[in-house]
Structure formats: structure tokens, C-alpha cells
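Written out below as C-alpha cells is the structure these notes cover.
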Amino acid sequence: MIPGAFDYAAPDTVAAAILLLRERPGEGKVIAGGQSLLPMMKLRVAMPGLIVDLRKTRGELSHISNDGSNLRIGSMTSHAHVAGSDVVQDTLPVLAETAAEIADVQVRNLGTIGGSIAHADPVADYPATLLALDAQAEIAGLNGVRVVSVDELIMDAFISTLAEDEIITEIVIPITEGRTGAAYIKFANKASHFAIVGVAAHVVLDDSGYLSRVAVGITGAASRAARATAVEDTLRGQVPTPDAISAASALAADGLECIADLHGSPEYRQNLCRVLTRRAITRAVERARE
Amino acid sequence: MTTTSPPRQVGQSPRRKEDDRLLRGQGAFSDDINIPGTVWAHFFRSPHAHAHILNIDSSATMAHPGVLRVLTGEDVHPRYNPIPPVLAVRDAENPDSTAGAPAFTLIARNKAKYAGEIVAIVVAETREAARDAADLLMVDYRPLPVANTPEQAMGPDAPQVHDDRSNEQVRWLKSTENVSSTFEDSEIILRHDFVNQRIHAVPMEPRAGIAHWDPATQFLTIWASIQGAHELRTQMAEVLELSPDQIRSVAPDVGGGFGAKHGGEVEYFLLAIASMELGLPVKWAASRTEEFLSLSHARGKTSQFEVAADRDGRVKALRLRHTTDLGAFPKGATPIVAQTSAIIATGVYGIREASFEVHSVYTNHTPEGAYRGYGRPEGIYLIERAMDMLARDLDIDPAEIRRRNMIQPEEFPYYRTPGGDIYDSGNYPEALERALEVSDYEGLRARQREMRADGKYLGIGLASWVKTGGFGPSSLDPSSSMPEWARVKVSPAGMVTIYTGSSPHGQGNYTTYAQVAADTLHVPLDDISVTHGDTATVTYGSGTFASRNMVVGGTAVLQASQKVLDKMTQFAAHALNADSDSVTYTDGVFSANGSSITFREVAANINRVLERPPGMEMGLDESSFYQPTHLTFNYGTYVAVVEVDPETGDVDLQQLYCVDDQGVVVHPVIVEGQVHGGAAQGIGQALYEDIIYDDNGQLLSGSLMDYALPTAEMMPEFISEFIETPSPTNPLGVKGMGEGPTTGAPPAVVNAVVDALAPFNVRDIAMPLTPERVWRAIQDAQNGDQS
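Structure follows, in C-alpha cells:
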């Protein structure tokens, strides 16, 4: 497993990285941990002419902070860092729960949140949770910084709306106050440990016990992670009884074009969407009530 | 002479002598061998399962910097021989003739027969250059229709894999006299089709090798990740038309073989050819993807199985039509594996009437080869699944139906099965009862009832199994007896070196052979070392396979140790002025007539001419062959406990209780480790692993991202117990055991899952029991589709 020949650069700053990418249009590829890119290069599925390694930008891009209303995670923050962060645990523990589900220890030590999103793997874990939490991404380019929702950033399988000379710098996730709970439940492919289906649910209960917010993100099922809007619309404003959750979860696969691969047919993925959505919402509601 | 032993080493579990350096990363595997001036080979493989090769243009490859040579079938075929098949294959229609299998072609010429078959070898100064240059090779193919399943390949108008013969290599029939009449007279007949899916052994170390032809001395040295250095040398001599005396073959540290590394692989011969062509050392190390494409697969069999029984569940007869997918070429004895697989289908039961119909068929798939169990797991799977089906149909407990059918202890030794196997010894009911006791079977059943009331699905699965070991003579081919050789040498300083032809690659024989010698020679384990895996230092070796090391190799060590002791005793008698018969040997001291001499003194003094008795040669260096006359048959009963999530189909394998009888246990911790490792591989087959081809013969599950090799977190709690019925076949009383757990685990686990889903009326699920298959089985059963 030997990759094709490539040039390599490890600039010290994001700005320098952007310039390097600008100089070699159509050739450059950012490496932000390399846990997906390197295997693809070894299989020669990816053969970039230039690798721009962000490892020296960790000072700039690896951090976790709470700005009062948002959790801000630098794009070069490792999954292990997110999984073990007290700040995350205090604000949005579901994000730590999600990060801890990613692959194995070695991958979590090197893989990064920005790299994961930019890669837009349809079976990655983070997108389910970030969609359910209405996360946004800050993106640096030659003309400054733009902010888009993660939902808009991910287009389709392995395709994002990032320009080839743009780099994700930060993930910004709103912190919800009040009686709130969230959960991520993954049903893993036994070989790769990627999600066959993974479901994240985020709920807010009002003072009377009604759901003022319910958000469900599903990964693995289709060619990109998506929100289960039919489930959300049915449950919003309801008291989350087991029957109500079950009835709404039955709609979890509505509108999804479920994919087929060795590990699950579309019908099986639809079933997992329904079962895992019910379980994730149920767990999120239990946590909101605690 | 009489001897009194110090505390026996056999039966103890001393720390493994081999582990320290391996755990520190100080092993020397084939890829670690470096010779100055070595160049690298890359094997260019066919992307098509079946295609004519019209043209190969290597000009761009040759122009790539660092490239030294491109070799194709046109270069190799005229000058070197293919690998001859190791066993003649019988044809039932002409039982006296030997319809030989085709030779294993080293490299495709004119036609590629499976996706992954080698089409060209690119040799370059570096590994990277060879790999990059291979991308520049231009090959024109004309794809051909694909023989993609044995059933299709046997049918009319099937694409022919080999132009000069039909796809069906073996059609073999064997039957006792009264099978038909027994079926006609039986009240209960069970019929079911089963699949043992194709799987891949996945040794942790991918293959690697380095070949060094020295033109000056006309001598070839090859280091390779193989299970037997001598077998490779023999084959190498035939392929290269060299004398075996011109070849040194070395199996250095080998990171697991499991049968897949048994026998020469085409890559090693091609490395030797490249080295001879270039006069340089040539090296290759496989990638994991390359291993999935080209290191042999195993197990792929479909079976139509019928059982005739009475209403009490006593099985009277069975009929089996057993079809195996050989892939494109016969590797080793694979054409007859399906026969040994079929005949063990009577299992541990006293079934008297049986008929077997076996078809071994070529397809455009990666060749099958050996894998831990060598056909026996597939046969046992059939009877153990059928026993559970019969039990459910007749409303008999699965333990009770096994109890009613088992061969009884008084029918040993040497129970002859309808298929011709001769089981050496055992107490099958004892293993069953012990397994029921250890697992608290009644308690498990009670817990299952309680959990079902709560909507939870616990399943309990039994498998009582038997497995060959100690190869050895085969009932199918007594002439194939394979002896083993050992040499035991004692240095003047009293240090003992054992040389063995059955080289370990994980089995622990550095330690266990030393234990055997220590019990004879009364020396500490630290004073004993084991040398193996090199034709330059080891005179003879049949190799390591078929659960034979301790039975055959261990007995040879015992015999050679005994010869050394006999000579030392004669020397001691002379030194002590006594008859040999009056010398006693206790704790390393020879005594007679009130005086004594130690082991170390004998070892030193036997080299002094004036001290030796007349006629005795100096030195302590004895060797011995052991030729077994029977196979051994280890057996056991396993109990698997699972909980199934019916909404997702996920199986949680919680416990596997293993009761094994492998005869005398030399090293209990190593043997328990073999139980865990073998069971892990059996669990892999039951729940996870699957070699999947698409309609064009393309391998879909060709990486560890898609081929689910179980990891530690997917393992159950193992509870392992031994019972010990010494084998009468050998002086150590041992039975082969490494392949038993791969035989017992699959039916135990599948029986447990199907048992868990009894409330849904699920009757069978085909392996591997993936979550989707389990979920579908529940859906289908609830929709009334009985599988």
C-alpha cells in the first residue's frame, strides 16, 4: 500500500496554507489528521499532487472554548480532545459522546473535527450531531472569513461546498439553556466501525413538559447526513410520551434516499433510522428531565 | 534402567520461552530480512475474473526510473514449471485411476482465471518505483463470461476455467449399504440446505519473501512467511528444475498461518525466478488488499443435507450432497478437502448409515486452500444444525437429543465411522454433561424463560463436535502418511538443542517441545532451546499443519530425547562400573553401586576418549523419525449464550463455555489460548466474516473496512475446561487440538441465535449472522416465510 508521489508542505499559518493551495489549482489537498485521506492515497483512490499539512497550525486551530452563548471548537481539534474536554462535557456533552464513538483510539488521537466535516463522508459520526445542534462552520479564504451552517457545507457524499483554497477554521455550536438533553446512538458496521446508521437527537422541554425544540440528525443512511424534519414537525409542541416518540420516529426515514452497501440494504437502513431515532429521542428526553 | 522424574514439566504452564523477544518487537520476520543490493518486486494482478490477455505493453513501465525488468507469462512459462498438485485426486467413476488436478500456474499466460491472478512482475530498485511503474503497464484484455458459483460452473454451457478439463475436478460417492431403505423406513426425515460461506484466514503478518540466487555458487536461498520450509524447498526444486541441494529455504518468524501459508505460494517461486533472471536478491511484501485477492480462501461449500430419525430423535441415517468452490486452481490437497469434510458429518453420533456425494468445482475465484479445520468444520456444522432442528421439530431438548445419539465410551478405542474415519478415543457424553454443568444449562433455560416474559431474547446453543488431528495417515489416503523428524543435541556444557521439522508460528512449541525433552532428560527449561524452520539446520520436516505439531513433532522429540538418554545411561554405566539395567536416573543424576554421575558430567566426559566405553562414539546428538499410524480425534461440547436485539438484529455473544478433550495437555495455558483463538475464528465465521463476489467475480469484501474480522471487543467471556482421555495412538497420549475450536464455535453460536429467536419461529439463518440477516429472518418468519 504505497501512495503515488506527491509534494508536501507544512505551513505555519492558515494564511500561508491558503496561498499554497492557490498556487497549485486542482492539485492541492489539505491534510488535517489524515485518518481518511491517507488510506485513500494508499489505495490510490486519491492521488493529490500537493499535500498541505495543517499540523503546524494547531496553535491557531486547536482549541475548545465557551463564549457564553456558543461552544467554539477549532477545526484542528482532535476527536480525543473533544471526547475528553470538560468544556464540552459542561455545555454539550452529546458532542463528547459522539466524538468518543468515532473509530478507535489511534484515529481519535489524530483525526480532527474540521477534517471530518470537510471530508463529508456520508457515514461519519460528527455530522449527525452537528446538524441536530445547528452548528456552523467558520471558513477562511483569500477574501477573509465566511460563516455557513454545517448543513450547507456538506453537499453530498465526499463533496462539500468548500472552495479548493478554503480551510475550515472553527466549528461554532449554539449552547441551549433550560431543560435540554441530547443523545447520539450509532449502529456500527462490524468491519469499519463506521455508522451503518447513527442518530443524534436534541430536545428542549418547556416548563409544562412540552417539547419546545426537537432536532434529529441522521448519518449513514443516505448519501449525506440530514435532519429528520418529519419526525421533528410531528413531535414539536407535544408531550414526549413513549407512544408519541414511537409514532414520530416511524417517520425517520421519510424523505431519505437510503443507500445500499455490503453492510445494509435500504430497507434495513430505514428500519435502523426508525429504531435508533426512537431510542435517541427517548434518551435525550430522559436526560432533559434529569 | 529405572528413572524417577522430577516434577513433570508436561502438564505445567511455564512462561512461554518465545514471547519475550516477540513482545519487544525483536522478532525477525521475512520483511525484516535485508541483504545488500536487494531489489523489489511488484506483482501486477488481473483486474478481471476471467479474461483473455491480448497484449502486454511494458515500454512505459521499463522507461520508469529504477525499473530493472518486467516479466510476463511469455517469459516465465517456457522456462519454468508450474507447481505440481501435491495429491492425486481420485475419480469415483474410475476409482483405480488418478485423475490428476491441473498444475497451479505461476503466472497467467493468454488467459487470467481470477481477479488477482498475477499477469506481470515489475522488478525495480525500490519498492516505490516498482509500484509506481506497475501503474504504467498497458494490458489489453478481452473479458470472458465468469464461472461464479460451483452450481453454475457445473451446469451446461458454463464458462470453462481450464481449457483442457471440465470445471468439476472431483465427483466422489461413498455410501453404506442400507441408506435408502433406512430413509424409506424412517418416521422422521429432515431436509435442509446449508451454506458454509467462503472466508479468509487473515494472518496478522501478510506474506513476504526474499529470494537470493547466487550465480557464483548456483545456490538459491529463500526466506518466506510459510508454514513449512522443507515443503517449499521440494516444490521450488520442481518448479525451477534445481536439485533440492541447491536450495536453502527458511521460514523465519512467521506471524500466523492458520493453513493459508501451508504450501508454496506462486509469489515465492516468482521471486526466485526474478532473482535467477537478474542475479540479484529480490524482495516482496504483500499489502492486506493483495492478501485478500491472492492468499487462499477457504470453507466455501453448499450442502443439501438429509437426516432420517425415529420419533425419539434417534438418527438412523444421513445423506449429504456437498459442493465446494475450489476457485481457479487446486492449492495443495484442496480437491479432496470436501471428502474429509463430508465424512465427518456423522459427527459424535453413532449414525450407522450414511451416503456422501461430493463435488469439487473450479470457478473464477481466488483459489481455496487450507484454513484451521480443513473441511471438518463445514461437515460438523451440518449435523450440529440438523440436531437442533430435529430437537425443535420433535420437542426434545437439544442436550437430550445429543445424549441419545452419542457414540458411547465403550465403543472406543478406534471407533470406525460410516465415512471411514477411525476415532481414536474419547468419552463424548462426559464432555456434554460437563459442559451442561459448567454453563448451568438448566439455570440458563430458566433465565431464558424469565427474559422472554420481559420481551428479551436470550439464546443458548450447543455444539458437540469432533475434529481430526495429528496428520498423519488419512483414512482417504493411507499412503500419504507424513512422518516428523526431531534431533536432540546436548552440548559438552550440558545445554540441549532441539531441532524440529514442524516449525511453530504462534503454537508455542519453543516451550512445549522443551517441556517434552525436559521430562526425559531432567534439565531445566532454560537449558533447552528449539531450532526450526531452516533447511540448512533441519534435516527433514513435513511442516506445521493439521493439528500435528505435538502429536507427531512432539513424539519425535520424545523419541530423540530417549535415544540421548539411552546413550548417556550406557556411558554412566561404564563410568560407574555397572550394568545399564542397574543405573537409575533421578533429578539429573545417574546412580549405581552407591556412586553417581550428573547429567552435565556425562555431557562433558562423553567427549573424552579415555572415558568412553569401547566402541561408543563421542557426542550426544540423536535424531528420530516418528511415523504415526492413526489420526487423533479431539472433541468437545461448547455452549454459547447470546442475547439478540430483534429490532436491529444485533447479536450480543455473551459467553462461550468450552469443554475440550485433547488428550494429555502439555501446557494448559497455551492450550486454553488455542481454544480462545480458534473459537474467535469460529465466531468470526458464525457472525461476521464473508468473502463476497459480485456477478462479475469481483471481490467486494477485499479489505478490513468491509471484511469484518472480529476484534477483542467482539469476543465473549470464554470459560474453558478440559477433560483428558489420553490418545492410544502415541506415547505422549496427546491429540491435536488447534482446529477443534474453529469447528465447535460456529454451530454453537448459530444454534444460540436461532434458539433466541424461537418465539419468532425463526428456523435457520445463513452464516454470517449479520444484523441485517438476523433482522430479515425475524421479518420473514413473522410474514410466514419459513427459511
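For the protein sequence lines, the chains are A and B, in the order given. Here the first sequence stands for residues 1032 to 1321, numbered as in this note's numbering. Here the second sequence stands for residues -13 to 773, numbered as in this note's numbering. Glycine residues also receive a C-beta, built at the ideal position from the N, C-alpha and C atoms.
Rounded distance between the beta-carbons of residue j and residue i, thought under 8 Å
i                       : j                       : result
residue 727 of chain B  : residue 651 of chain B  : That belief does not hold up - the Cβ atoms of residue 727 of chain B and residue 651 of chain B are roughly 14 Å apart, past 8 Å.
residue 347 of chain B  : residue 306 of chain B  : 16 Å between Cβ atoms; not a contact.
residue 261 of chain B  : residue 197 of chain B  : 4 Å
residue 1106 of chain A : residue 1144 of chain A : 6 Å
residue 1222 of chain A : residue 1250 of chain A : That pair is no contact at about 17 Å.
residue 576 of chain B  : residue 558 of chain B  : 4 Å
residue 1247 of chain A : residue 1270 of chain A : Wrong, their Cβ atoms sit about 17 Å apart, outside the cutoff.
residue 617 of chain B  : residue 459 of chain B  : 7 Å
Reduced DSSP secondary structure (H/G/I, E/B, other) of residue i
i                       : result
residue 1205 of chain A : strand
residue 536 of chain B  : helix
residue 1032 of chain A : coil
residue 255 of chain B  : helix
residue 750 of chain B  : coil
residue 83 of chain B   : In this prediction, residue 83 of chain B scores a pLDDT of 35, lower than 50, which makes its location untrustworthy; no coordinate-derived value is stated.
residue 431 of chain B  : helix
residue 154 of chain B  : strand
residue 345 of chain B  : strand
residue 387 of chain B  : helix
residue 285 of chain B  : coil
residue 401 of chain B  : strand
residue 585 of chain B  : helix
residue 774 of chain B  : For chain B, the structure presents residues -13 to 773; residue 774 of chain B sits outside this window and is missing.
residue 721 of chain B  : coil
residue 166 of chain B  : helix
residue 773 of chain B  : At residue 773 of chain B, the pLDDT of 49 sits below 50, so the modelled position is not reliable; the number obtained from the coordinates is stated separately. Three-state DSSP puts residue 773 of chain B in coil, outside helix and strand.
residue 74 of chain B   : Note that residue 74 of chain B scores a pLDDT of 48, beneath 50, so its modelled location is shaky; the value from the coordinates is reported in the next line. Residue 74 of chain B: coil per DSSP, three-state reduction.
residue 358 of chain B  : coil
residue 10 of chain B   : coil
residue 1171 of chain A : strand
Member of the options whose CA lies at the smallest distance from the CA of residue i
i                       : options                        : result
residue 270 of chain B  : B:219, B:209, B:233            : B:209
residue 11 of chain B   : B:655, B:241, B:123, B:41      : B:241
residue 376 of chain B  : B:699, B:301, B:281, B:578     : B:301
residue 110 of chain B  : B:128, B:96, B:55, B:283       : B:55
residue 1137 of chain A : A:1109, A:1148, A:1155         : A:1109
residue 193 of chain B  : B:248, B:122, B:382            : B:248
residue 373 of chain B  : B:333, B:766, B:410            : B:333
residue 504 of chain B  : B:469, B:543, B:764, B:265     : B:543
residue 1175 of chain A : A:1307, A:1194, A:1072         : A:1194
residue 392 of chain B  : B:497, B:400, B:417            : B:417
residue 502 of chain B  : B:356, B:472, B:257            : B:472
residue 1056 of chain A : A:1301, A:1293, A:1158, A:1081 : A:1081
residue 483 of chain B  : B:99, B:213, B:547, B:212      : B:547
residue 709 of chain B  : B:143, B:742, B:613, B:412     : B:412
residue 1033 of chain A : B:685, B:112, B:497, B:180     : B:112
residue 1086 of chain A : A:1041, A:1048, A:1066, A:1074 : A:1041
Residue i: CB within 7 Å of a non-hydrogen atom of the ligand GDP
i                      : result
residue 408 of chain B : Looking for the ligand GDP in the displayed structure turns up nothing, as the structure carries no ligands at all.
Proximity test, Cβ basis, 8 Å: residue i and chain E
i                       : result
residue 1032 of chain A : Looking for chain E here will not work: the only protein chains present are A and B.
Tell me which residues of the stretch 1297 to 1308 of chain A have at least one Cβ-Cβ distance to chain B shorter than 7 Å, keeping chain order. 1299, 1302, 1303, 1306
Under 8 Å: do the stretch 308 to 322 of chain B and the stretch 143 to 155 of chain B share three or more Cβ pairs, one atom per stretch? yes
What are the residues in the stretch 719 to 730 of chain B lying within 9 Å of chain A by C-beta distance? none
Specify whether the stretch 229 to 238 of chain B and the stretch 513 to 525 of chain B touch according to this definition: at least 3 beta carbon pairs, one from each stretch, less than 8 Å apart. yes
The stretch 679 to 691 of chain B: which residues have C-beta closer than 9 Å to a C-beta of chain A, in chain order? 686, 687, 689, 690, 691
Taking any Cβ of chain B, which residues in the stretch 1154 to 1174 of chain A have a Cβ under 7 Å from it, in chain order? none
Closer than 9 Å, Cβ to any Cβ of chain B: which residues of the stretch 1208 to 1221 of chain A, in chain order? 1218, 1220, 1221
Can you find at least 3 beta carbon pairs, one from the stretch 115 to 133 of chain B and one from the stretch 26 to 39 of chain B, that sit closer than 8 Å? yes
Mind checking the stretch 111 to 129 of chain B against chain A and listing, in chain order, the residues whose C-beta falls within less than 8 Å of any C-beta there? 113, 114, 117, 118, 121
For the stretch 15 to 33 of chain B, enumerate the residues whose C-beta is nearer than 8 Å to any C-beta of chain A, in chain order. none
Please identify, using Cβ separations under 8 Å, the residues of the stretch 753 to 772 of chain B that lie next to chain A, in order along the chain. 756, 757, 758, 761, 762
Select from the stretch 1280 to 1294 of chain A all residues with a C-beta closer than 9 Å to any C-beta belonging to chain B, and list them in chain order. 1292, 1293, 1294
Answer yes if the stretch -7 to 7 of chain B comes into contact with the stretch 486 to 503 of chain B, meaning at least three C-beta pairs across the two stretches below 8 Å, and no otherwise. yes
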